[in-house]
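Chains as they are written, first to last, in the numbering used here: chain A, 19 to 381; chain B, 491 to 631.
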């Protein structure tokens, strides 16, 4: 594929109809968690999209993030996206090894200086001069600092790169830190999760590919489109919480009835991620659907935040009052609560309708 | 104790309530369409459902008179539900995975309309056939 060819030119060159292209854009809108009405705006933007160079560095990690991405279940869409980026270095996936592999990274960094997208998974150990994780004899710190200089932007994939993750958990023997502790002068997108949802990784790449820039972020650097709401807010068991119906043990009547897992330590109310709607394993389900509470893996310090089975001490304040009232006076208040929620969501949704390319760049 | 001794009961889906929420959403948008002609789309992949609720939504909406199939980078199934103006549009990729699952409120879903770009190409194609009656075009398409 030619470097400067756009996706639309490429598809039309293959005899793909405009209608098929619109279908592709509808799938992209779903993937990027944008409103479905944005498909035509995506089509307009893609007509101008170019192929970016991507360098992926794996540091102190378990390779779970790469496993998540490569085992995602919509290969056609993914392959279209991977056809649209030039993955110039990824030491787990590339065929080259040794000096040839390192040379490929150097070449890409020189050829696309200031333009390439740098993806990082894994934390960076700083203790004892960073000796606890090295590649080709160089410390992770050294390699990150060099690669970050010429990057257009950095995407920290997984909780280790985003927040330090497991290596950073007490007592943190290697002095592990996240990317944001080292790189201060570049835009960093945190795609947290242990591992992150594959569709979220590809969704962010798709956003960059489509609009040439990264999506809007929350205060922890996570894309709002995927981390804007809590697991609890989007959980199909949420109505049971509103009705005050909780499982008290993993084998009681409540657990068998699929009631809320809040009292069994579910971290859904404080965890921002898209698991409840995007789901896992090709949409088969997510942990709560399998009967286990959320462990909060997309939040900072989740490993040091106490037992996975201790209930959160301070639930979402405004909701509790109504939910407790609902438990006392019956279903009426619960219905009122979901009506409030619905009205709020609808308002937010309406505010996002009638989109243009410019609007979407901020999404 | 064997696996059969563990009694598992499917939760009473009526009490969960996600289904009522989405049906209300559809009714509101259909109302807007009737009042002002405003078409809209709902992304079902962005909504919380248990597997049971998703199937119950399909049963509640039922099937109406029109079904269309789009054969393009994988199948797409498009049908009007038993509520006229409410369409269920499911796009699959070539492997058969769902890549977009939408409820569309409109008289005809947008993707069904012929696209001007495709019509131009088709017209040129037709004129080419008329200008070259002996060409082998009928065989190729």
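Virtual Cβ for every residue (Gly too), placed ideally from N, Cα, C.
Here the structure is a predicted model, which means the values were calculated and not measured.
Return helix, strand or coil for residue 350 of chain A, following the three-state DSSP convention.
Legend: pLDDT at residue 350 of chain A = 37, less than 50; position of this residue unreliable, value from coordinates given subsequently. Helix at residue 350 of chain A.
Output, in chain order, the set of chain B residues within a Cβ distance shorter than 9 Å of residue 34 of chain A.
562, 563
Could you check how far apart the C-beta atoms of residue 78 of chain A and residue 141 of chain A are, in whole angstroms? I think they sit under 8 Å.
5 Å
Does the Cβ of residue 572 of chain B have 16 or more other Cβ atoms within 10 Å, making it buried, or fewer, making it exposed?
exposed
For the segment 119-152 of chain A, list every residue whose C-beta sits within 8 Å of some C-beta in chain B, in sequence order.
none
Just to confirm, is the Cβ distance from residue 254 of chain A to residue 543 of chain B under 8 Å?
yes
Under 8 Å between the Cβ atoms of residue 173 of chain A and residue 215 of chain A?
no
Taking C-beta to C-beta, are residue 169 of chain A and residue 204 of chain A nearer than 8 Å?
yes
Span separating the alpha-carbon of residue 617 of chain B from that of residue 552 of chain B:
43 Å
Spatial neighbours of residue 266 of chain A within its chain, please: C-beta separation below 7 Å, excluding the five flanking residues on both sides.
272, 281
Residues of chain A with CB under 7 Å from residue 535 of chain B, in chain order?
48, 295
For residue 581 of chain B, return the contacting residues in chain A, with the cut-off set at a CB-CB distance below 8 Å.
41, 44, 45
Does the beta-carbon distance from residue 135 of chain A to residue 171 of chain A come in below 8 Å?
yes
If the criterion is Cβ atoms closer than 8 Å, does the pair residue 162 of chain A and residue 144 of chain A meet it?
no
In the segment 536-557 of chain B, which residues sit with their C-beta less than 9 Å from some C-beta in chain A, listed in chain order?
536, 537, 538, 539, 540, 541, 543
For residue 295 of chain A, does the three-state DSSP call read helix, strand or coil?
helix
Are any of the Cβ atoms in chain A nearer than 8 Å to that of residue 521 of chain B?
no
For a contact defined as C-beta to C-beta under 8 Å, what are the partners of residue 601 of chain B on chain A?
37, 40, 41, 44
For residue 176 of chain A and residue 289 of chain A, I'd like the C-alpha separation in whole angstroms.
15 Å
Going along chain A in order, which residues have a C-beta closer than 8 Å to the C-beta of residue 566 of chain B?
41
C-beta neighbour in chain A for residue 613 of chain B, strict 8 Å
no
Three or more beta-carbon pairs under 8 Å between the segment 550-569 of chain B and the segment 32-46 of chain A, yes or no?
yes
On the CB-based measure, 16 or more other CB atoms within 10 Å of its CB, does residue 535 of chain B come out buried or exposed?
buried
Please state if the CB of residue 182 of chain A and the CB of residue 206 of chain A are separated by a distance shorter than 8 Å.
no
Using a Cβ-Cβ cut-off of 8 Å (strictly less than) and excluding sequence neighbours within five positions of residue 316 of chain A, which residues of its own chain qualify?
177, 210, 211, 212, 214, 240, 245, 289, 290, 291
At least one CB of chain A closer than 8 Å to the CB of residue 598 of chain B: is that the case?
no
Reference residue 555 of chain B, options B:549, B:570, B:548, B:565, closest by Cα
B:570
Go ahead and label residue 128 of chain A buried or exposed: buried means 16 or more other beta carbons lie within 10 angstroms of its beta carbon, across all protein chains shown.
exposed
Chain B within 8 Å of residue 95 of chain A, Cβ atoms only
For residue 95 of chain A, the pLDDT reaches just 49, beneath the cut-off of 50, and the residue's location in the model is therefore unreliable, although a value from the coordinates is still provided. Closer than 8 Å to some Cβ of chain B, the Cβ of residue 95 of chain A qualifies, so yes.
Just checking: is the beta-carbon of residue 240 of chain A within a distance shorter than 8 Å of some beta-carbon in chain B?
no
Top-ranked residue by Cα proximity to residue 324 of chain A, from A:285, A:301, A:66, A:85
A:285
Measure the Cβ-Cβ separation of residue 130 of chain A and residue 76 of chain A and say whether it is below 8 Å.
no
Anticipated Cβ contact below 8 Å, residue 531 of chain B with residue 54 of chain A, distance rounded:
4 Å
Straight-line Cα distance separating residue 307 of chain A from residue 603 of chain B:
39 Å
Could you tell me whether the Cβ of residue 316 of chain A comes closer than 8 Å to any Cβ of chain B?
no
Starting from the Cα of residue 540 of chain B, find the closest Cα among A:314, A:331, A:297 and give me that residue.
A:297
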